[in-house]
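Read top to bottom, the protein sequences are chains U, B, E, S and X. Per the working numbering, the first sequence starts with residue 1, numbered consecutively. Per the working numbering, the second sequence starts with residue 1001, numbered consecutively. Per the working numbering, the third sequence starts with residue 2001, numbered consecutively. Per the working numbering, the fourth sequence starts with residue 3001, numbered consecutively. Per the working numbering, the fifth sequence starts with residue 4001, numbered consecutively. All residues carry an ideal CB built from backbone N, CA and C; glycine is no exception.
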Amino acid sequence: MANKRRKRWQTPGTMPGTLTAHAEASLCPVSLSAIAYDAGSFREWSIPVSQVASLAPPEKGVLWIDVCGLGDPALVQTIGERFGFHRLALEDVLNVPQRPKVDDYDGHLLIVLRESHYPEMAEQVSIFLSAAVVVTFQERVGDAFNPVRDRLRKMAGMLRSSGPDMLAYELCDAIIDGFFPTLEKLGEEADALEDKVLSETSQDTFREIRELKRRLLDVRHAVWPARDAMNELLRDDSGLVHPATKTYLRDCYDHTVQLLDMVETFRDVSSSLVDEYMMSVSNRMNGIMKVLTIIATIFMPLSFVVGLYGMNFDRAASPYNMPELGWRYGYPAVWLVMLAATGGMVWFFRRKKWL
Amino acid sequence: MANKRRKRWQTPGTMPGTLTAHAEASLCPVSLSAIAYDAGSFREWSIPVSQVASLAPPEKGVLWIDVCGLGDPALVQTIGERFGFHRLALEDVLNVPQRPKVDDYDGHLLIVLRESHYPEMAEQVSIFLSAAVVVTFQERVGDAFNPVRDRLRKMAGMLRSSGPDMLAYELCDAIIDGFFPTLEKLGEEADALEDKVLSETSQDTFREIRELKRRLLDVRHAVWPARDAMNELLRDDSGLVHPATKTYLRDCYDHTVQLLDMVETFRDVSSSLVDEYMMSVSNRMNGIMKVLTIIATIFMPLSFVVGLYGMNFDRAASPYNMPELGWRYGYPAVWLVMLAATGGMVWFFRRKKWL
Amino acid sequence: MANKRRKRWQTPGTMPGTLTAHAEASLCPVSLSAIAYDAGSFREWSIPVSQVASLAPPEKGVLWIDVCGLGDPALVQTIGERFGFHRLALEDVLNVPQRPKVDDYDGHLLIVLRESHYPEMAEQVSIFLSAAVVVTFQERVGDAFNPVRDRLRKMAGMLRSSGPDMLAYELCDAIIDGFFPTLEKLGEEADALEDKVLSETSQDTFREIRELKRRLLDVRHAVWPARDAMNELLRDDSGLVHPATKTYLRDCYDHTVQLLDMVETFRDVSSSLVDEYMMSVSNRMNGIMKVLTIIATIFMPLSFVVGLYGMNFDRAASPYNMPELGWRYGYPAVWLVMLAATGGMVWFFRRKKWL
Amino acid sequence: MANKRRKRWQTPGTMPGTLTAHAEASLCPVSLSAIAYDAGSFREWSIPVSQVASLAPPEKGVLWIDVCGLGDPALVQTIGERFGFHRLALEDVLNVPQRPKVDDYDGHLLIVLRESHYPEMAEQVSIFLSAAVVVTFQERVGDAFNPVRDRLRKMAGMLRSSGPDMLAYELCDAIIDGFFPTLEKLGEEADALEDKVLSETSQDTFREIRELKRRLLDVRHAVWPARDAMNELLRDDSGLVHPATKTYLRDCYDHTVQLLDMVETFRDVSSSLVDEYMMSVSNRMNGIMKVLTIIATIFMPLSFVVGLYGMNFDRAASPYNMPELGWRYGYPAVWLVMLAATGGMVWFFRRKKWL
Amino acid sequence: MANKRRKRWQTPGTMPGTLTAHAEASLCPVSLSAIAYDAGSFREWSIPVSQVASLAPPEKGVLWIDVCGLGDPALVQTIGERFGFHRLALEDVLNVPQRPKVDDYDGHLLIVLRESHYPEMAEQVSIFLSAAVVVTFQERVGDAFNPVRDRLRKMAGMLRSSGPDMLAYELCDAIIDGFFPTLEKLGEEADALEDKVLSETSQDTFREIRELKRRLLDVRHAVWPARDAMNELLRDDSGLVHPATKTYLRDCYDHTVQLLDMVETFRDVSSSLVDEYMMSVSNRMNGIMKVLTIIATIFMPLSFVVGLYGMNFDRAASPYNMPELGWRYGYPAVWLVMLAATGGMVWFFRRKKWL
């Protein structure tokens, strides 16, 4: 369970703006790729770490640098210096996981989002947006940005003729839409649990329900602040986001609201599951008690009857002492009585709908 | 259960503004009808798909185009181009179900609402409102708009002499009022469940309660954002909604608030139902336990007594060994003791109100 | 149960502003009374339906028309036309029950409130306030307005010398204060249930708790929007409410807040009642189980003992076969053992505080 | 229970501004005391009721009149007239309990607060603040204001050299700080209940928890609006509260927030208590069931065994009929079997941690 | 338990601004240290109490005075007078624990925060920020400020060249980041409890859950207002906080939001723990009942059978009286019947998954 949560704090008292790699960051090797484009031209290349220091904002068009892997703080620092990013922004890139947010620095924006990798943990994606440059930092190599890259290559859409804000929007859109398949899978799990909760009431089922709730909470913690972040971009007054792009961002904002609607619905379903599990346990208890009560109610009177005629009163001493034992049809009569009593019990249980 | 929810997402990374038909959209054939009217004239006709490309805003009066069926993205695109609708708005039309909302584009509004078809799933209705044109998109042929169409035909009300905003209002009003019968039916189901929950406590009853809660949640998810949408129309500053129409929209807004009041009341009732179901299960358990306890309490002492006189102590060996067995009235005395014990138990149970 | 809720919707698609009588409205005959007053004069008369068409705003002073019964839509329409009330406002008068609210139309306000008639259902009261006229519509003849009428007759207070807004205020105040006795009665019911829930745990008690909660919810649904309505009157900028009157309205607003405080307190109490009911059921179960366990724990060992000496081992075959049966004090010794065992059990139960 | 709540409403329809004494108000005799002070002078005297009519605002300095007991509406009216207080404000003084609030009238403020008298009910304190006069109304003679009076007498603090707003602040501060000891006592009760809930689960304990919750709710209902009232004084723009005093009022506001924090913590604790009570009841039930099951599981097999050898099969008729009964060590062997079975059961229960 | 809460109120009616030491404050001896620095110089010294009266704001650079221990009100007063701090602010320093907050006084700010010392109680830290001076008051000697002190000594970061607001920010940052390790430990406790709740259901486990919830609540009560305080600093308009520092404060604000996210997640987990504990208790009850039912269901029929053939019907009196007792294979047949019945029961229980 412990691996479900990630430490997300530096030692208290660390100097603000300190760039240190996350403990697990070194597991993913660092790789850089770049795309430079404008309406007419397109260039895509891979950047060796040694050449990072010579990077510079392009004279025209848009430069997009995608960094995968956060294991090299020095590299992050160099990129930050080349493009003038604030130290605190760079710290947020490395000190994962941050809460999704938009931070407005002088001359650039930092957009932090969380990318869904269900059933693995979400990954932090940091997007720097400045006048001509978009720099993205991912924790590991992923394929969420590939459709955007493809569109740039194919000169599809109006992306090529728009500014870096449009690119940033498309990246955000790709990340946020990535939560829809995750939620769809969680919805299927919820449906499966609805059937399971009826057929068995092991503690495992309850754990699965709890696990589902926790995952929904994770999605909520990722999407809720992302909604606020999109809203902040919509109301951005730094001039980095053009009004035409805002129309598109509103669409992206709508998607976050839809996601939250789905999360709330599934959370409601999973709460119902807990109730239903409780019901199921109670009903099972009722079933057990019914079996016990039926058995006891049938056999206790019978045991009394057979015990009665097991008494050793001295029939020779008195004619009142258990004359039944000497009757010709005494034994068959006792059987009749016992069968009648059992039949009466069964009728009683049927009336109570226990049988 | 799975069919209760609809996928509402395109593949993540799809280019924003991509118009693709929903998987199930092709099930409903596409049909178009048009009405053009002003205070003095009225024309109603059906539009073949081939003539869509020649549509144009009317020179005077209002043109209302109603499209049923979303299976033809090309058609939607053509209509969008003819009337200058934004690509993102058209995407929202096709990518059902969207959350109810009002989107303000340059020169036109997109109003998205959900139409109740209880007990079937709600359907998305998209209403475009521009200076002289209203275009509505429904998922399938329905009759919610017929009363409005009738009023236009009959020249009833002030609808004919008003602009397209008044038409849009009346369409919204018809859609929103359609939730009242749905809620009334859900209220009747809640009443029926209140009786049922007392007479039987099967898991089915609990499932019906859960189903009711889910349906109420669906209505809430449809009406809550519709309320916000109406509120946004009320505060519209695009100039497309005239102040006189806003007085009417306020009425429509009030209806959404009334609907939400009803939903909350019914949600409260259905929560009480869960409590009452739990009560019912507990009371049943109590009933079972009472039967068991009564039986055990009566027959255990009796069994002890008859067992007592079934012991084989050697009466010949000692006068202290079970002399009762030789008494003249030993056996009747045992019966008396047992009857008295049983009577005492019954009295005890009556005092405890278990019988 | 079904009669607890009232249908409050017209057929979806009905033309906005359509005036139709509510299904049950015809049960109450329509009657009209009028009062015209200023600081110096006072006139009170009853208006025959035939003379409604000749009504007109007074030249000076205030005219108050009180209409009881909503069975005559034509009458409502005529009054609306005589005083220039908006069709939508008139529709809200007839289409009961509306949510309490204040609607600001051009030149007049519509104040909708709900009047408490505990234990009967609340009734809608609609108050039109214009420059010189107050028109009130009640569903049936009531006495809530009588104290105000008396004050007008007696020239008491500053009501006679104030405008129609002061009259409207006093009417609102009378309606809202009418919820205090209702809540007081509900509070008494809650107190009674607190005693009842301890002494018996029938399902009836639970139903009464639920009924109490529902009634409190009804009051809340009536008072909560009334609070908003009073607040809206306080911030009214139509010019129909004078600043001096607003000081009084603030008092009325305070009363709604007090009412909501009381409702919340009682809702809290009734939630505690559900908890306590559950406790009570559980405690009863515990009591039943204790009886069962005591009986079983005492008699099962005894039954074993007497069964033991009912065994038929052949004492003649071996000296080890149940020699106890031949002892001189065997039988009394068994009794001693059994009494000691019973005493031990009783001591055990006492220590566990079960006896 | 009924005495926990106080009626707080006049007959509906009572003329606004009517001054009538509360039913229980006559129980406390009315007494008036006055203090007049400025930086250099100080005078304290008791005012006979007969001289109230000659009261007047002082020419310089501050006049504080403290009225204890609300049984004399005429007196309240006379004071109101002498100092120009609004009728509605005077009505709020008499019509206790009002919700804590600040009402801004022309030329004076009415501050209503509730004073804690744990374990008795809270008392309403009404403070009128005008340019040179502070009039306080208490329901009964109390000592909450004594420290303030002492400071005035001793010329301590900057109170003597400040205006009436500083006096009003100190009175509010004294009243609000009076809730801290109350909450401390409620906290001690909560601690005591935490121990009690473990050792006994009588319904009394549950009632005490409920009583605690109700008291906390009462404090909340008193302090929450008091916080709003202090906030309103902070933002006062009547000119009656000087900026320097507002710095002090912010401190008072902070205290109300602290109080609400404590209330929320204790409410959380008392909710946990209900859960723990439920736990305790369930655990007790488990304990009872364990005893029953242990007894039944040990003695039912034993009873079977002894019953087995109590059968009367005719050993003479067949060598297969119960030859055990004739064995030399038959009886000791049965004892061994039974002891072994019992030992096995005990081992089983120990493994299940039931013993 | 009582020691979990601290009294935080002076006697009601105490004069506002009274400086008195907290009851436990004298336990920590008072010590003062000072650091004076600007971009070029650095001096650190310890201040004897006797020299406090000669302290004065520095002519250039920043003076930071750190006071540990609150046992000497006179000292606090002297410091306040030397630097012109408001009496109410000084009172808040001594009257611990205050709610975290920022108070804006004329010429200086008071920032109150709570420092986490898990598992001990949080400590109040008060930070005065004025134009050239930062004064911090801690309840006891701690090491939270050491990293900041080290940076000052090492001339690291831009702290030395910035104003006192930057110092105040770094102190706040150190205090707030101190909650991350605390929450991490609480998270580990929650994980440990998740395992524990399955394996044992003693009341101790429930108490630990409750303790966890209380600790989380404590953190929440400390961090929630700290978030508001940081937000207030962000929007500070006193001029004491420079815009460049606000960029850093936003980072600090983000940390409080992250902390609250973690708290909410853990609170959710601990609520699940309560549910799971209840589940566990119910499942245990089910297990107990199953054992009882299995035993009773197997042995009650067997006891009936052996009882049956323990009856003493007189075989000599009638051929119908228990002829089975004389059969050659009667006894083995009874054994067969009993084994078959037991086998059937076992099959039944297996089908029900009870075995």
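Assuming contact is defined by CB atoms lying nearer than 8 Å, are residue i and residue j in contact in what I supplied?
i: L4217 (chain X); j: L4109 (chain X); result: no
i: V125 (chain U); j: F179 (chain U); result: no
i: V3163 (chain S); j: V3062 (chain S); result: At residue 3163 (chain S) the sequence reads Gly, which differs from the Val that was named. Taking 8 Å as the Cβ cut-off, G3163 (chain S) and V3062 (chain S) qualify as a contacting pair.
i: L2094 (chain E); j: V2030 (chain E); result: no
i: I4047 (chain X); j: L4070 (chain X); result: no
i: E139 (chain U); j: G17 (chain U); result: no
CA-CA distance, residue i and residue j?
i: N286 (chain U); j: G1287 (chain B); result: 10 Å
i: E3081 (chain S); j: L3055 (chain S); result: 10 Å
i: D2195 (chain E); j: S3050 (chain S); result: 49 Å
i: F137 (chain U); j: V4135 (chain X); result: 41 Å
i: P1012 (chain B); j: R160 (chain U); result: 20 Å
i: N3312 (chain S); j: G3344 (chain S); result: 29 Å
i: M4121 (chain X); j: W4045 (chain X); result: 30 Å
i: I2298 (chain E); j: T4293 (chain X); result: 19 Å
i: A3340 (chain S); j: M4300 (chain X); result: 20 Å
i: K1213 (chain B); j: Q203 (chain U); result: 26 Å
i: M4278 (chain X); j: M3279 (chain S); result: 7 Å
i: V4112 (chain X); j: D4038 (chain X); result: 25 Å
i: S1270 (chain B); j: R3215 (chain S); result: 30 Å
i: D4072 (chain X); j: P4097 (chain X); result: 17 Å
i: L19 (chain U); j: M4155 (chain X); result: 18 Å
i: S4116 (chain X); j: D4173 (chain X); result: 13 Å
Quick one: grab the DSSP three-state call for residue i.
i: E3024 (chain S); result: coil
i: T1011 (chain B); result: coil
i: L109 (chain U); result: strand
i: W3327 (chain S); result: coil
i: Y3037 (chain S); result: strand
i: N3 (chain U); result: In this prediction, N3 (chain U) scores a pLDDT of 41, lower than 50, which makes its location untrustworthy; no coordinate-derived value is stated.
i: D103 (chain U); result: strand
i: E2208 (chain E); result: helix
For the beta strand (DSSP E) that contains residue i, what are its first and last residues?
i: V3062 (chain S); result: V3062 to C3068
i: L3129 (chain S); result: E3123 to S3130
So the alpha helix (DSSP H) residue i belongs to, where does it begin and stop?
i: T4256 (chain X); result: P4243 to L4308
i: V93 (chain U); result: R87 to L94
i: V4133 (chain X); result: Careful: V4133 (chain X) lies outside any alpha helix (DSSP H), inside the beta strand (DSSP E) at V4133 to Q4138.
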